[in-house]
Amino acid sequence: METGSGLTPDDSWLQAVGLSRYYIRGPQEVRALDGVDLDVSRGEFLALVGSSGSGKSTLLNLLAGLDTPTAGKILVDGEQLDTFSRKRLSRYRARQIGMVFQSFNLISHKTALENVETALYFNDTPKPERRKLATDMLTHLGLAERLDHRPADLSGGEQQRVALARALVKRPQILFADEPTGNLDRENTIQIAETLKSFNRDGITIVMVTHDGDLAESCATRIVRMDYGKIVSDTPAGAGK
Amino acid sequence: MTVADLLQNAAGNLWRMKLRALLTVSGVVIAIAAFVSMLSFGAGMQETISERFESLGLFTTMYVYPAGKGEEKFRGHGRRSEGDTTSEDSTRIDSTKIDSLQAYSSNADSSVTDPAKADTIQRPVIPLDSVAIELLAKIPGVNLAYPHENLSVKVTLADTTFESTARAVPVSAFKTKMFSLIKAGATFDSDTARSALVTEGFALEAGVKLDSVKTLIGKSIIVSVEVISLDSAITRALFNRNLDSLKSHFKGLRFDSLLDSEYRSQLLSRELGGALQRFLDGYLNSREQFAETLSIAGVIDGGRSGNLIRPVILSVASGRRLSDAGFSGSRQDMFTSLASGRIPGMNTASSSSEEYSRVTLDLDQGTPYESIRDSVEALGFETFSFAEEFTEIQKVFLFFNLALGMIGLIALVTAGLGIVNTMVMSILERRREIGVLKSLGADDSDIKLMYLFESGMIGSVGAIGGIFVGWLITRGASLVADWYMSSKDIPSMEFFALPIWLILIAFGIGLFISVIAGLYPASRAAQVDPVQALRND
Ligand SMILES: Nc1ncnc2c1ncn2[C@@H]1O[C@H](COP(=O)(O)OP(=O)(O)O)[C@@H](O)[C@H]1O
Ligand SMILES: [Mg+2]
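This is the structure:
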């Protein structure tokens, strides 16, 4: 995993400038995100914390190119993401980023292996290679025995590791994780945290939303706190000190 | 995503929802099966007719009629040549006899044409006689020209007697395709032979099974015409121009004034109509017979349907003897001839040579029929060409096929709506999955293609199944038809055909309808907002 190696942590790579996302709900405007400025450097492990409804997921979806901002801009490697065409945005998602969610979002009728392979459909990986890369990644995450299991036959921890394998199998430059341990017990949370840390050490930039202060403190190099769609604090964390 | 990925994905999704997919596919199968079996019927009829035309050499056969007679002689299909105006009297009789469409056109003709001007465009009536046959035979592309006269006769074979028709054919015509299909025996080789050819239709009428027509060879038949005795003398006096033969044949004729052609002409044009008909009806009752005893030389194909080949083929000599014997007993023939306006007795330009009501031309394969037709019509005759007729038949079949196809298409539209329903449902169920795929980098067109392939697969599988089921239906129907026809001793005939174009069209339409049906669901799928689809709450 060469991505990002040799670059200093403060090498600004992903940048949000005055980023806003408003929703219209009935007669009133909901400012889910309200003028956020944020720089993410290569190799960083950034934890986004804040109360429910503070706009963390909204920010993450914008940075992942899954949503488009109402105002402000997003720069990725100097290119302005918010001006990308839908096609180009999907290329960005297919090749440069990985995503994991609180509710795993595995495709229920596909096996663990097929779920992971699906991530390689959209970045032109040749078919024979897909199977090998997916098997290797699942094996790496300790799921060699679970390749042909469907999500329903896997534990929560296993499902989230399959989801992680799916996000990481295409070797993204950045991983967006939205409360990845939100549905997991302590033991599985620690396991996922260790996995994330090891991938971060290998050079993958991580932006993780969490409610869990301890988790943020133990994994992240930097903690950004949000409230009412704004950043209220931005501090170096345990792992980064 | 590659096409292989898309196909695999579609197959996987359909397999997962087996029951739903099966039900949707069944709709397409039924629609395509209906479409295929209906069009297969049209295609089969067309092929059978075309083969029949081909085997009888009809594509290289043309009939020639005297001007103004073409329409009635061949069931109204003949070409009517331009400026075809006969005398006012006969035009009037014409319109009472022919069907309404032609009546319309002939009425239109006379309304456009001022009676005073009619004379200027009136064409001299050219006799279709042996001189004309020589001229016709010289037209480039005409291999053979021979008269084509049908006689209503009675035929006696052993102890059965039945009504039939006979035709005298010169032996040179036996070389043409129309007489090439000999089922048993051989053709005779002299124009004076006391032999006859009979058709399969004749055999059936005589109560001989088709597989034992051989037994007819060498048998004697008596071919007879009924001659109207006393009244026939009048009839003949009125209608036969050959005065010498008339005199010799009907010595007992006492109405001397009828021998004056001027008088006959006036009498007829004044009396044609109800009065004459009543007159003839009352007198045409006592008859006498004139018979030829001939031996059956061969049995030829045909004669079962239509009037392409007459059930009894005679030598030229036999034919002449029979037709000279007198007016044929059929009143129908006589009135047809009267109505045509070409009653021999009325002809002012008298000629001693015999006139024919129809001449058959055997054409060269390579010469387009249009050029021959134009040459014949330039001589002042009318034509009927099977090749031309076939293009008309093909037009009819095109409409027939379109009509049948429309019924199939209605079923297909229903099947298409079934596909839309299935696809919309599965998209609602797979909203989150679509969100996941988009978060993994699927682009709108990937999603669209995934669903189009899925509905396209429903359509193709349904089309393949439907073509197969349609084929089974036609085989079944064909078996039933065969069984029925053989029970009626009708030689089997194929009603259905499944040509490659029909298979391709059926498959193409199945695929097309299903892809069209998939368009709306697919674009809905592509529009799914991944952020909404992936939300936890
Ligand atoms: N589609 C939407 N329509 C209206 N309001 C929305 C929509 N999505 C999110 N919101 C609102 O935006 C705010 C931020 O939401 P979110 O980013 O999901 O918060 P968090 O992830 O921090 O809990 C919330 O008040 C939420 O209700
Ligand atoms: Mg959230």
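Sequence order for the protein chains is A and B. According to the numbering used here, the first sequence is numbered sequentially starting from 9. According to the numbering used here, the second sequence is numbered sequentially starting from 601. For glycine and all other residues, C-beta sits at the position ideal for the given N, C-alpha and C. Every value quoted in this text rests on a predicted model; they were computed, and no experiment measured them.
- Every alpha helix (DSSP H) of 4 residues or more that sits fully in the stretch 153 to 214 of chain A is shown, in chain order, as 164 to 176, 194 to 209.
- By the neighbour-count definition (other C-beta atoms within 10 Å, threshold 16), residue 1038 of chain B is a buried residue.
- In terms of CA proximity to residue 90 of chain A, A:28 leads the group A:28, A:122, A:119, A:184.
- For the stretch 1040 to 1061 of chain B, residues whose beta-carbon sits nearer than 7 Å to a beta-carbon of chain A comprise 1040, 1041, 1042, 1043, 1044, 1046.
- Every beta strand (DSSP E) of 3 residues or more that sits fully in the stretch 20 to 106 of chain A is shown, in chain order, as 20 to 33, 36 to 49, 53 to 58, 79 to 84.
- Segment contact: the stretch 63 to 83 of chain A against the stretch 137 to 147 of chain A, fewer than three CB-CB distances shorter than 8 Å; contact not assigned.
- Around the beta carbon of residue 74 of chain A, 16 or more other beta carbons lie within 10 angstroms, which makes this residue buried.
- For a Cβ distance threshold of 8 Å, residue set 69, 74, 75 of chain A lies close to residue 1131 of chain B, ordered along the chain.
- Remark: the C-beta of residue 1062 of chain B is outside contact range of ligand 1, defined as less than 8 Å to any heavy atom.
- For residue 744 of chain B, the enclosing beta strand (DSSP E) covers residues 742 to 747.
- Counting the other CB atoms within 10 Å of its CB gives residue 1074 of chain B a total of 16 or more, which places it among the buried residues.
- Taking a Cβ-Cβ threshold of 9 Å, the residues of chain A close to residue 601 of chain B are 129, 130, in chain order.
- Not one heavy atom of ligand 1 sits closer than 8 Å to the Cβ of residue 140 of chain A.
- In the structure shown, residue 1112 of chain B adopts helical secondary structure according to DSSP, grouped into three states.
- From the beta-carbon of residue 1036 of chain B, the residues of chain A found nearer than 7 Å are 113, 115.
- About 16 Å separates the CB atoms of residue 664 of chain B and residue 768 of chain B; that is not less than 8 Å, and the two are not in contact.
- Setting aside the 5 residues that flank it on each side, residue 753 of chain B is surrounded in the same chain by 764, 766, 823, 825, each with a C-beta closer than 6 Å to its C-beta; the list follows chain order.
- In terms of Cβ geometry, residue 776 of chain B and residue 750 of chain B do not form a close pair [threshold 9 Å].
- Residue contact with chain A for residue 607 of chain B: absent (no Cβ-Cβ distance below 9 Å to any residue of chain A).
- For the set B:1122, B:782, B:759, B:1108, the Cα lying nearest the Cα of residue 1026 of chain B is the one of B:1122.
- Look at residue 1021 of chain B: its beta carbon is at least 8 Å from all of the heavy atoms in ligand 2.
- For the C-beta of residue 167 of chain A, not a single chain B residue is nearer than 9 Å; the gap to the nearest is close to 13 Å.
- In the three-state reduction of the DSSP assignment, residue 662 of chain B falls in the strand class, which pools E and B.
- Shown here, residue 785 of chain B sits in a strand according to DSSP, grouped into three states.
- Take residue 891 of chain B, set aside five residues on each side of it, and the residues of its chain with a beta-carbon closer than 6 Å to its own are 822, 824, in chain order.
- Here residue 106 of chain A is not near residue 160 of chain A, since their CB atoms are 9 Å or more apart.
- Residues with their Cβ less than 5 Å from any non-hydrogen atom of ligand 1, running along the chain, are A:31, A:33, A:38, A:40, A:60, A:61, A:62, A:63, A:64, A:65, A:66.
- Below 8 Å, too few C-beta pairs join the stretch 1059 to 1070 of chain B and the stretch 1039 to 1050 of chain B to call them touching: fewer than three.
- Rounded to the nearest whole angstrom, the CA to CA distance from residue 125 of chain A to residue 186 of chain A is 21 Å.
- Exposure of residue 45 of chain A is indicated by the presence of fewer than 16 other C-beta atoms within 10 angstroms of its C-beta.
- Residue environment: residue 616 of chain B is assigned as exposed (fewer than 16 neighbouring CB atoms within 10 Å of its CB, all protein chains considered).
- Comparing alpha carbon positions, the residue from A:121, A:140, A:216 closest to residue 153 of chain A is A:121.
- Out of A:157, A:191, A:130, the CA that lies nearest to the CA of residue 96 of chain A is found in A:130.
- According to DSSP, residue pairing for residue 1074 of chain B in a beta bridge does not occur.
- Take the alpha-carbon of residue 802 of chain B and the one of residue 817 of chain B: they are about 13 Å apart.
- Contact between residue 66 of chain A and residue 40 of chain A is confirmed by a C-beta separation of about 4 Å, below the 8 Å threshold.
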